[in-house]
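In the working numbering, the protein residues as written are 20 to 556.
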């Protein structure tokens, strides 16, 4: 082929925390590793642009029990205690390793001990990039992958992509692949999420992998109007107001965001962080300085002045759905393919609900570690034949139209059509069966048109594939949302407002031209209450 042609034991696709942990651990396990990032590894993605809490809990039985029990009800009792315990153990070890070997500058408390339950994204990802390179992994920056490659048996054998700065295609032949591409935020404008277009889920499905928890995908973050910073945790100190200055009753960052969404359909909503005392204000600025950059630039004191807010879709970046995991090493249903971070389902540790950071950050560390090691083991098991396998391109829509190719910039119309169905609050956040059905019909049509005629060349190939990934993601989301005829976790249905004990199961989703869903019974998840539960929105 023309362009760059590489061979590796393990290819890691992505550049955020899960990807860097996967690359690091695969390299430390003796594998020859290539990491391919859509952006610049260490600066792109949701974590690199912000700070994050971490589900870091000392190995004390009482503390661990409280940590596992804390969100089980919020998540609809779909989490798995065995996986929760594994993640708590691995996260504790990983964060301690980051402090000792990565020399991450954790702050210290009044007792002189380091506070290791939070990370500043820029420093964290800078340290992880350095660690990955020192371990010997090759990093391909600005090199988005466009499709996976398989062998004739269907096992994953590498990937193909486009090097933006070099303006050329590239290929990596690999014994195993880790997908750590993040979730999908549909180019909503949320900070750091412009690279999170669901690419990994598309690649996985094209290779035959399944997804899980895709109904848990209607996450929206609060942000000052016209800005991108969705640090929703600080809005627990907020009072929300109507345009006329009266309090918007029931509005809150937790348990009352749907009130904000409904109000935004007809008026502006304002906010003031007036419930934070002086100590809290100082602590907030120290913990998340980037949260206040917007206000400082606008000349607004958010603690004393009202400001307009909006809700930005964060989809499966802050949701819990993703590629279905089938083994402790984060393997999938496709041989040689592993998934980590937000690209993978997080139901195993938080069921149908998670916030920004915390569990997601812990999952990135843990799943990245396990996927990297698992991929390295798989590559070793192939031996020399990994380098001689015949390669088969797995990509479809946007690369190989089944009909006559349409205009070169057709991806723009696809993105616009998808966003019209997934960004509006009344369609995605305030879900109702009738609206979900109508949107899914539109999305099915968009997919069919994309499959038939969407095609691009060069760097626009990446944009076409991003558009296709967003269509696929939206269809899986809405198909799963229609199949869950209840309200559980963040999967709320206005036409089914209570939790149904008979639906205490997970939903597996898959398919491209025809999307399907099936029920996955639970074995290790705690039982929900026997009585129907009204879930706050």
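The beta carbon of each residue, even a glycine, is placed where N, CA and C say it ideally should be.
Burial state of residue 550 (16 or more Cβ within 10 Å): Low confidence applies to residue 550: its pLDDT is 34, below 50, so where it sits in the model is not reliable, and the reading given next is rough at best. Exposed.
Whether residue 234 touches residue 510 by CB criterion (9 Å): Yes, Cβ-Cβ distance for residue 234 and residue 510 is below 9 Å.
Top-ranked residue by Cα proximity to residue 114, from 335, 61, 383: Among 335, 61, 383, the Cα nearest to that of residue 114 belongs to 383.
Where residue 377 falls: helix, strand or coil (DSSP): DSSP places residue 377 in strand when its eight states are reduced to three.
Chain-order list of residues whose beta-carbon lies under 6 Å from that of residue 293 (same chain, five-residue window excluded): Sequence-distant Cβ neighbours of residue 293 in its own chain, meaning closer than 6 Å and more than five residues away, are 258.
Segment contact flag, the stretch 39-46 with the stretch 403-417, C-beta cutoff 8 Å, min 3 pairs: Under the Cβ criterion (8 Å, minimum of three pairs), the stretch 39-46 does not count as touching the stretch 403-417.
Which listed residue (357, 417, 426) has its alpha carbon closest to that of residue 396: Nearest to residue 396 by C-alpha distance, out of 357, 417, 426, is 357.
Residue(s) in a DSSP beta bridge with residue 535: The partner list for residue 535 (beta bridge, DSSP) reads 529.
Distance CB(residue 264)-CB(residue 289) smaller than 9 Å: For the 9 Å CB-CB criterion, residue 264 and residue 289 form a contact.
Span separating the alpha-carbon of residue 188 from that of residue 501: Each residue's alpha carbon lies about 39 Å from the other.
Cut-off 6 Å between Cβ atoms - residues of its own chain near residue 12, not counting five sequence neighbours on either side: Not covered by the structure: residue 12. The range shown for the chain is 20 to 556.
Where residue 307 sits in the DSSP three-state scheme: Three-state result, residue 307: coil.
Alpha-carbon spacing of residue 249 relative to residue 331, whole angstroms: Taking the straight line from one Cα to the other gives about 8 Å.
Segment contact flag, the stretch 414-431 with the stretch 194-205, C-beta cutoff 8 Å, min 3 pairs: Taking a cut-off of 8 Å for Cβ pairs, the stretch 414-431 and the stretch 194-205 do not touch, as fewer than three such pairs fall below it.
Span of the alpha helix (DSSP H) around residue 456: Run containing residue 456: 452-472, per the alpha helix (DSSP H) assignment.
Pairwise C-alpha distance: residue 83 and residue 429: Answer to the nearest angstrom: the Cα atoms are 51 Å apart.
Alpha-carbon spacing of residue 125 relative to residue 369, whole angstroms: Cα to Cα, the separation comes out at about 26 Å.
Residue 434 versus residue 312 - alpha carbon distance: Distance between residue 434 and residue 312, taken at the CA atoms: about 30 Å.
Residues of its chain near residue 242, where Cβ-Cβ distance is below 7 Å and the 5 sequence neighbours each way are ignored: By the criterion of a C-beta distance shorter than 7 Å, residue 242 is surrounded in its chain by 248, 249, 328, 329, 331, once the five residues flanking it on both sides are discounted.
Residues near residue 19 in its chain [Cβ-Cβ closer than 8 Å; skip 5 each side]: With the chain covering only 20 through 556, there is no way to say anything about residue 19.
Nearest-angstrom Cα separation, counted from residue 306 out to residue 272: C-alpha of residue 272 to C-alpha of residue 306: approximately 18 Å in a straight line.
Residue range of the unbroken beta strand (DSSP E) whose run includes residue 290: Residue range 288-291 is occupied by the beta strand (DSSP E) that includes residue 290.
For residue 141, the nearest candidate out of 29, 71, 169 (CA to CA): Looking at the Cα atoms, 71 is the closest of the given residues.
Completely contained beta strand (DSSP E) runs for the stretch 197-265, where each covers 3 or more residues: The qualifying runs are 239-243, 258-260.
Under 9 Å between C-beta atoms of residue 485 and residue 216: Closer than 9 Å, so yes.
Extent of the continuous alpha helix (DSSP H) run through residue 142: It spans 140-153 - the alpha helix (DSSP H) in which residue 142 sits, taken as one unbroken run.
Close beta carbons around residue 267, own chain, < 8 Å, minus the five adjacent residues each side: Non-local beta-carbon contacts of residue 267 in its own chain, meaning distances under 8 Å to residues more than five positions away in sequence, involve 259, 260, 261, 278, 279, 282, 288 in chain order.
C-beta atoms of residue 394 and residue 195 nearer than 9 Å: Cβ distance < 9 Å, so residue 394 and residue 195 count as in contact.
Secondary structure, alpha helix (DSSP H): runs of 4+ residues fully inside the stretch 99-132: Secondary structure in the stretch 99-132: the alpha helix (DSSP H) runs of 4 residues or longer, each lying completely within the stretch, are 100-119 in chain order.
Reference residue 177, options 198, 186, 184, 185, closest by Cα: Nearest option by C-alpha distance: 198.
Unbroken beta strand (DSSP E) run spanning residue 339, endpoints: According to the DSSP assignment, residue 339 belongs to no beta strand (DSSP E), since it is labelled neither H nor E.
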